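A.B. asks:
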Amino acid sequence: MRLGVTTSPRHRTAYLDAGPQTGPLMIMCHGWPELGLLWRHQLTHFARQGWRCIAPDMRGYGGSSVPNRIDAYAVPEIVADMVELHDSLGGAPAVWVGRDWGSPVVWGLAAHHAERCRGVVSMCVPYLARGFTLETLVPLVDRSIYPAGTYPVGQWDYWLHYRESFAAAARHFEADIPATMAALFRFGSRRSAGKPAITANVCARGGWFGEAGRAPDAPRHTQLMSDADFAALVAAFGATGFRGADAWYMNDRLNAAHAAAAPDFGRLTMPVLFIHAELDTVCQTTAGRLADPMREDCTDLSEASVEAGHHLMLEKPDEVNRAIDAWLSAKSLV
Numbered sequence: 073m074r075l076g077v078t079t080s081p082r083h084r085t086a087y088l089d090a091g092p093q094t095g096p097l098m099i100m101c102h103g104w105p106e107l108g109l110l111w112r113h114q115l116t117h118f119a120r121q122g123w124r125c126i127a128p129d130m131r132g133y134g135g136s137s138v139p140n141r142i143d144a145y146a147v148p149e150i151v152a153d154m155v156e157l158h159d160s161l162g163g164a165p166a167v168w169v170g171r172d173w174g175s176p177v178v179w180g181l182a183a184h185h186a187e188r189c190r191g192v193v194s195m196c197v198p199y200l201a202r203g204f205t206l207e208t209l210v211p212l213v214d215r216s217i218y219p220a221g222t223y224p225v226g227q228w229d230y231w232l233h234y235r236e237s238f239a240a241a242a243r244h245f246e247a248d249i250p251a252t253m254a255a256l257f258r259f260g261s262r263r264s265a266g267k268p269a270i271t272a273n274v275c276a277r278g279g280w281f282g283e284a285g286r287a288p289d290a291p292r293h294t295q296l297m298s299d300a301d302f303a304a305l306v307a308a309f310g311a312t313g314f315r316g317a318d319a320w321y322m323n324d325r326l327n328a329a330h331a332a333a334a335p336d337f338g339r340l341t342m343p344v345l346f347i348h349a350e351l352d353t354v355c356q357t358t359a360g361r362l363a364d365p366m367r368e369d370c371t372d373l374s375e376a377s378v379e380a381g382h383h384l385m386l387e388k389p390d391e392v393n394r395a396i397d398a399w400l401s402a403k404s405l406v
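Residue numbers (my numbering): 73 to 406.
1) Does the beta-carbon of D364 have 16 or more other beta-carbons within 10 angstroms, so that it is buried, or is it exposed?
2) Quick check: G191 and L405, are their CB atoms within less than 7 angstroms of each other?
3) Just how far apart, CA to CA, sit A332 and H184?
4) Let me know the secondary structure DSSP gives V210 once reduced to three states.
5) Looking only at its own chain, which residues have a Cβ that is under 7 angstroms from the Cβ of R262, when we skip the five neighbours before and after it?
6) Would you kindly check if the distance between the Cβ of T85 and the Cβ of D153 is under 7 angstroms?
7) If we call anything under 7 angstroms between Cβ atoms a contact, is D89 one with R74?
8) Whether or not the stretch 251-260 and the stretch 285-304 are in contact is what I'm after, with contact meaning three or more pairs of Cβ atoms, one per stretch, closer than 8 angstroms; do they touch?
9) For the alpha helix (DSSP H) containing P250, list its first residue and its last residue.
10) Ignore the nearest five residues each way along the sequence and tell me which others in P389's own chain have a CB closer than 8 angstroms to its CB.
11) Contact check, G132 vs G316 under 8 angstroms by CB: the rounded distance?
12) If you compare alpha carbons, which of M100, C196 and I249 is closest to A380?
13) Tell me which residue opens and which closes the beta strand (DSSP E) that Y87 is part of.
14) How many whole angstroms separate the CB atoms of P224 and C189, which I take to be in contact at a CB cut-off of 8 angstroms?
15) With a 10 Å radius around its C-beta and 16 neighbouring C-beta atoms as the bar for buried, classify Q93 as buried or exposed.
16) Output needed for S374: all residues of its chain with C-beta closer than 8 angstroms, excluding positions within five of it in sequence on either side, in chain order.
17) Should N323 and A146 be called a contact, given that it needs their Cβ atoms to be closer than 7 angstroms?
18) Would you decide whether G310 is buried or exposed? Buried here means 16 or more other CB atoms lie within 10 Å of its CB.
19) In the DSSP output, what is V167 paired with across the bridge?
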């Protein structure tokens, strides 16, 4: 893998580059709290097939710019980062892949810049034409799991915690970064199915880790990533902190306005693949209504499921890659 960087007066994007320089583009946008490096399994797999695979560190992460302003982390700003990156790579239409917060960026790019997209792949976060905002998500909460009287905003309570205690949230994550990452990167579990997610009462607990104000000491799930990749992740957040990464949650108004400005009411007509993470208790899309709006607003939608948790591209990389392979072939994108 090669290291690359593109800079403009407004932003710097660092990225990993794998595969032949002349291959068709596949650009992979990571989520919270990650790096482009965590697409390693997909980078190597698709590079071997002749794709030029690009995995940027998103705004606020790793080697990319970490602006101070909170509103610098709105989706339209990050979509603009990806447009600049795409132009620097030649601008040929690409297959865009997103997971977690990388997905709203890819969705936003598809809605506003369809000419840049041969196809779109998303994991965990489905397309919401009104924007990936708390106000859009709460009406879709599965009230059989999250009764309104107990869980007013369902599994999205942690989003409120950022709004109410933004500085404290970052401080708690930064208190012991190795322990934080060990706590956040866990395998999915069948035992959690149908039960409230741990994100559903973060405000009541006083933070992600409760009164302790730091992640507990617990063995990490070493099979999710190598020691070297874990060390790189910890080092990156030691340098940047969590403020930029957390700020992605703080721009609902700007993100909703950006979604509302999309042509054709945000309807997507390019080939789309959504991969459900069956054991993801936060972005639970195999039950409930969270994925329903996507099915109305994507005219060429394919769906696949992987029995894995939120970090499915790390937990079940071969199954994720096979799902993308099958879709690329079915849609004649190879």
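Idealized CB from N, CA, C, for every residue including glycine. Every value quoted in this text rests on a predicted model; they were computed, and no experiment measured them.
C.D. replies: On the basis of the data shown:
1) Around the CB of D364, fewer than 16 other CB atoms lie within 10 Å, so the residue is classed as exposed.
2) At the C-beta level, G191 and L405 come within 7 angstroms of one another.
3) One C-alpha to the other measures close to 10 angstroms.
4) In the three-state reduction of the DSSP assignment, V210 falls in the helix class.
5) By the criterion of a C-beta distance shorter than 7 angstroms, R262 is surrounded in its chain by L351, once the five residues flanking it on both sides are discounted.
6) Between D153 and T85, the gap from beta carbon to beta carbon is short of 7 angstroms.
7) A distance below 7 angstroms separates the beta carbons of D89 and R74.
8) Taking a cut-off of 8 angstroms for Cβ pairs, the stretch 285-304 and the stretch 251-260 touch, as three or more such pairs fall below it.
9) Unbroken alpha helix (DSSP H) run through P250: I249 to L256.
10) Hits under 8 angstroms: H113, Q114 and H117.
11) Yes, they are in contact, since the Cβ atoms of G132 and G316 sit about 3 angstroms apart, within 8 angstroms.
12) The residue with the shortest Cα to Cα distance from A380 is C196.
13) Note, Y87: beta strand (DSSP E), R84 to A90.
14) Not a contact, Cβ separation roughly 36 angstroms.
15) Counting C-beta atoms within 10 angstroms of its own C-beta, Q93 has fewer than 16 neighbours from the protein chains shown and is therefore classed as exposed.
16) For S374, the CB contacts under 8 angstroms within the same chain, skipping 5 residues up- and downstream, are P343, V344, L345, F346, W399, A402 and K403 in chain order.
17) Cβ atoms of N323 and A146: closer than 7 angstroms.
18) That one is exposed.
19) Bridge partners of V167: M98 and G191.
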